[in-house]
Structure formats: structure tokens, C-alpha cells
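Comments concern the structure below.
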Amino acid sequence: MLAYRIDSPGTFPNLIEASIPQPGAGQIRLRIEACGLNFADLLMIEGRYQDTPTPPFTLGMEVAGVVDAVGPGVTDRQPGERVALFGGQGGLAEYGVFDAARAVPLPGSMSSTVAAGFQIAYGTSHLALDHRARLAPGETLLVLGAAGGVGLTAVEIGKLMGARVIACARGPEKLEIARRAGADHLIDATDADIRAAVKALGGADVVYDAVGGDQFEAAFRACNPEARLLTIGFASGSVPQIKANHLLVKNLTVMGLYWGGYLKFRPEALTGSLAQLFAWHAEGKLHPHVSQVLPLARVADGLELLRSRASTGKVVIEIPG
135 MLAYRIDSPG TFPNLIEASI PQPGAGQIRL RIEACGLNFA DLLMIEGRYQ
185 DTPTPPFTLG MEVAGVVDAV GPGVTDRQPG ERVALFGGQG GLAEYGVFDA
235 ARAVPLPGSM SSTVAAGFQI AYGTSHLALD HRARLAPGET LLVLGAAGGV
285 GLTAVEIGKL MGARVIACAR GPEKLEIARR AGADHLIDAT DADIRAAVKA
335 LGGADVVYDA VGGDQFEAAF RACNPEARLL TIGFASGSVP QIKANHLLVK
385 NLTVMGLYWG GYLKFRPEAL TGSLAQLFAW HAEGKLHPHV SQVLPLARVA
435 DGLELLRSRA STGKVVIEIP G
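Right, dumping it as C-alpha cells:
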């Protein structure tokens, strides 16, 4: 089979021929049909991600496909079943072996291409806004990086939860995508004074930040008393430094959210969130945006779209049989 393999830390992965793996106890083998790319894949290549496996390993965190074989002890998954799962690695290959407990059956209405980019982006935003920030109807949600893979889902879910949504993104094309996802107000991060623009709209009660850097600082200063700031990622490459005395004066709360971490210490929160999200999708309330679909041979191009922040929504790699 073909697999996109990292051989040593800091080296770019290569497309190689590898043996088809066999599932062990409690595992399934998946004939992978699609794999979603994530900013974390770039960090893994550089060895800077918090859960980077020890090389060699196959890149690709979230996948969808058809169960091809099951290992000893697996009774709740069957060959031929369509599933999606978050494996953390192993997704950019024609076959992969994963823990059966992580597999989520796919509704017939959802394609593998959509499913492969659904779990992390929608799961991150829903868990952050609902479980962590307790976003309430009528509150104002500011989304930084609002046209990106997770940012766009935060706009959509925030609106679905009854918030007034301010979307901040670079350029009119990205802002139009955020508007179609439900944003009430738009701020062009290319040249706008984000702090002034948000304060003119009444300030933010919840900030969803996947960007970091100067945008976090501007959003921090535009918060209302008792606002909650969600740190999701740092696509700008700059990790902001938080002024604790400002937290005190305005009674602010800063929260971190690492979606994959819930698999280790509170998996029921994650699985419950995914159940809600799949139900919303089945009801036609969520509309995933996949901006680019590329073949396995063009993974490098897909990763460059993420690195340059040129993509909107998700970039998905299709792996035909």
C-alpha cells in the first residue's frame, strides 16, 4: 500500500510503499477513502505537536472509510461498515489500523470526503463553545480566523447556539464565506483596528481564537467584563503572552481547548459532542465547507495551503481504491 511516512524528526514526509497492516486485539483495519488535513500535521512534521508520535510514523489524524477487517475481541464493528475516526496518526495511507472504540458509524447522508474533515473541526468548536465557554443565546461571539478549518465551524455552531457572531478574517473572499456560514458582523483583519471594531459592536462575551499573536491581544482588549477567551491554536506562529492583571481587572477567563486530549481523560464529553454534531448534520443544520480535495500524491500541496493560510474550511485528501 501507499503511505505518507515521516522517517525522522524535522524531515518532510515521503510517499512510500509499505506492507498492509494487520489488526490486533481491539482494533479494526480501515480501507481509507479520505483523510482531513490539519494545522497539527504541520506541527508534527516539525516535531512541535504535543502528541507527535516517535518516527517513523504515517501522517494523518482524522479519516473516513470502510472497515476492511476486525481484530480479536471486536464485536461492535463489522467488515463493510462505513466509519469515521480520529486516529491521531496513520490516516494518509490506503489502509490503516486503529482502535475500534474510536470508530463512529457514518450516516448514509455523509460522504467520506465530508466525514474526514468533520470530526476535529466541528468537534473542537462545539466542545469549546458548549462544554468550555458555556456560550449562551444572545451573547456576542468573536471568531478570529473565521474562514479557516475550525474558525468557520465556530461561526456556524455559534450562530446555531443563538449567539451574535462577529467574524474576523483576511480579505473579502474569506469574509463572504464566513457571512454565508451565519456571521452577523464582519471585520477584515488585513487592515482593520480589530479592538476598535469589536468595541464599536458592543464588545465580546466569548472569543474563539485559533490565530494568536496580535489578533489575540486586540480581542483581549475588546472583551466585556466576565468574558471567556478560548485559545484553540496559533496559526499566526506567535503564542500571545497574557497579562494576568488585566484578567483580574475585567474578571476575564482564558481557557485552553485541545480536542484530542479528551480521548484520554474524558472521552464521554467528546463522544457526546460528536453525537450531537452528527444529529445536527442529519437534520440539515450544519453545512461543512471543504475548499480543496486533493489526491494522495499532492499532500505537500495541501499542507502548503494550510501553512500559507490560503485555504478556507477544510482541505481533504481523497484516497480512491
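For reference, each letter of the sequence shown is one residue, going 135 to 455 in this note's numbering. From the three backbone atoms N, C-alpha and C, an ideal C-beta is built for every residue, glycine too.
- Of all alpha-carbon atoms in 365, 300, 247, the one lying nearest the alpha-carbon of residue 333 is that of 300.
- It is roughly 14 Å from the alpha-carbon of residue 335 to the alpha-carbon of residue 277.
- Look at the beta carbons and you see the region 368–378 not touching the region 213–229: under three pairs across the two are nearer than 8 Å.
- In the structure shown, residue 385 adopts coil according to DSSP, grouped into three states.
- Of the residues assessed, residue 383 falls on the exposed side of the cut-off, its CB having fewer than 16 other CB atoms within 10 angstroms.
- The three-state reading of DSSP puts residue 229 in strand, counting E and B together.
- Counting other Cβ atoms within 10 Å of its Cβ, residue 350 reaches 16 or more and is therefore classed as buried.
- A residue is called buried when at least 16 other Cβ atoms come within 10 angstroms of its Cβ; residue 239 does not meet this threshold and is exposed.
- With a cut-off of 8 Å on Cβ pairs, the region 157–169 is in contact with the region 245–258, counting three or more such pairs.
- In the DSSP annotation of this structure, the continuous segment of the beta strand (DSSP E) that includes residue 161 starts and ends at 161–170.
- Assignment of residue 342 by DSSP, reduced to helix, strand and coil, places it in the strand class.
- With a 10 Å radius around the Cβ and a threshold of 16 neighbouring Cβ atoms, residue 252 comes out buried.
- A distance below 7 Å separates the beta carbons of residue 416 and residue 241.
- The alpha helix (DSSP H) runs of length 4 or more contained entirely in the region 297–343 are, from start to end of the chain, 306–314, 328–334.
- Counted as a single uninterrupted DSSP element, the stretch harbouring residue 290 is not any beta strand (DSSP E) but the alpha helix (DSSP H) occupying residues 285–294.
- Here the region 277–294 does not lie against the region 221–238, with fewer than 3 beta-carbon pairs under 8 Å apart.
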